[in-house]
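The following block contains the structure:
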């Protein structure tokens, strides 16, 4: 039987993911079928740079989807762990390919959590290490490394200022960034006038964190989602758009 779907690189994970997706859609173990997901309109690829997510599904708005998977997760957790991620992203394919269904992790996603044995909106396939984060949190009372953030955020600011503490012992935190310990909020982060709560769509640069947003869908949001703009502060093209629920926006179809 021919294997449906395309692969856009030569990574073994892309091919294994495509074959597993075919087994999910055409097999009898899972209720997601070819009447709900058209694998002929799905491309599989592997990202060597994806660190914050196990996988992501994007759409160009006409039903064609791209499932991008993390090489890091594959290397650390193995393919068995990736299988859940692939089923997760296939649900997003169903959303993008079905008229009247909103993409994201709302009710149209939740209805598949139990039938597809998903852990929900996100899952942890392996134990994270300090080097996985751009900003690392260490308890000063002996608990050691307790977590971190991939980008600048309110949590980083609070940890530096001492208003965020260790969840185990309530001890103060030490924050380390790309250039070493941070004893105070950097000057370049103190002059932000962006009110995050006032934005429906928020733009996050991989290097600078929150850099802007919009109150409603517009041309600017569409350009950012399509990867057609860059961060004015650092020049990075790695900008992520999230909605008011914190979900990554991968399609701007109405």
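Numbering (the working numbering), first residue to last: 870 to 1123. Built from N, CA and C at the ideal position, the CB exists for glycine as well.
For the region 956-964 and the region 975-985, state whether three or more C-beta atom pairs, one from each stretch, are separated by less than 8 angstroms.
yes
Look up residue 1032 in the DSSP assignment and say whether it is helix, strand or coil.
In the chain shown, residue 1032 corresponds to position 163, counting from 1. In the structure shown, residue 1032 sits in coil (DSSP, three-state: anything other than H, G, I, E or B).
What residue from 918, 927, 1037 has the CA that sits closest to residue 1014's CA?
In the chain shown, residue 1014 corresponds to position 145, counting from 1. Comparing Cα positions, the closest option is 1037.
In angstroms with no decimal places, state the Cα-to-Cα distance between residue 888 and residue 922.
The sequence position of residue 888 within the chain shown is 19, counting from 1. The sequence position of residue 922 within the chain shown is 53, counting from 1. If I take the Cα positions, the gap works out to 21 angstroms.
Residue 901 beta carbon less than 8 angstroms from that of residue 959:
Looking up residue 959 in the chain shown gives position 90. Looking up residue 901 in the chain shown gives position 32. Yes.
Do you know whose CA, among 899, 1091, 998, lies nearest residue 1018's CA?
Residue 1018 sits at position 149 when you count from the first residue of the chain shown. Of 899, 1091, 998, the residue nearest in Cα terms is 998.
Residue range of the beta strand (DSSP E) that residue 1044 falls in?
For this step, residue 1044 is matched to residue 175 along the chain shown. First-last of the beta strand (DSSP E) with residue 1044: 1042-1046.
Under three-state DSSP, which class holds residue 982?
The count along the chain shown starts at 1 and reaches residue 982 at position 113. Three-state DSSP puts residue 982 in coil, outside helix and strand.
Taking the alpha-carbon of residue 1006 as reference, which of 936, 1029, 945 has the nearest alpha-carbon?
Numbered from its first residue, the chain shown carries residue 1006 at position 137. Checking every option, the nearest Cα to that of residue 1006 belongs to 1029.
Taking 7 angstroms as the limit between beta carbons, can you name the residues of its chain near residue 1010, skipping five residues before and five after?
Walking along the chain shown from the start, residue 1010 turns up at place 141. Once the five neighbours on either side are set aside, the close Cβ partners of residue 1010 are 1035, 1038, 1040.
On the DSSP letters alone, give me the boundaries of the beta strand (DSSP E) that residue 988 sits inside.
Mapped onto the chain shown, residue 988 falls at position 119. Careful: residue 988 lies outside any beta strand (DSSP E) and carries neither H nor E.
Pick from 1098, 1071, 1097, 1078: whose alpha carbon is nearest that of residue 1117?
For the purposes of this step, residue 1117 is identified with residue 248 of the chain shown, where counting begins at 1. Closest by alpha carbon: 1071.
Span separating the alpha-carbon of residue 976 from that of residue 969
The count along the chain shown starts at 1 and reaches residue 976 at position 107. The count along the chain shown starts at 1 and reaches residue 969 at position 100. Between residue 976 and residue 969, the C-alpha separation is close to 13 angstroms.
Which first and last residues belong to the beta strand (DSSP E) in which residue 1008 is found?
For this step, residue 1008 is matched to residue 139 along the chain shown. Its beta strand (DSSP E) spans residues 1004-1008.
Reference residue 879, options 914, 908, 1068, closest by Cα
Working through the chain shown from its first residue, we reach residue 879 at position 10. Answer by Cα proximity: 914.
For residue 1099, tell me which candidate among 1073, 928, 1119, 906 has the shortest Cα-Cα distance.
Numbered from its first residue, the chain shown carries residue 1099 at position 230. When each option's Cα is compared against that of residue 1099, the closest is 1073.
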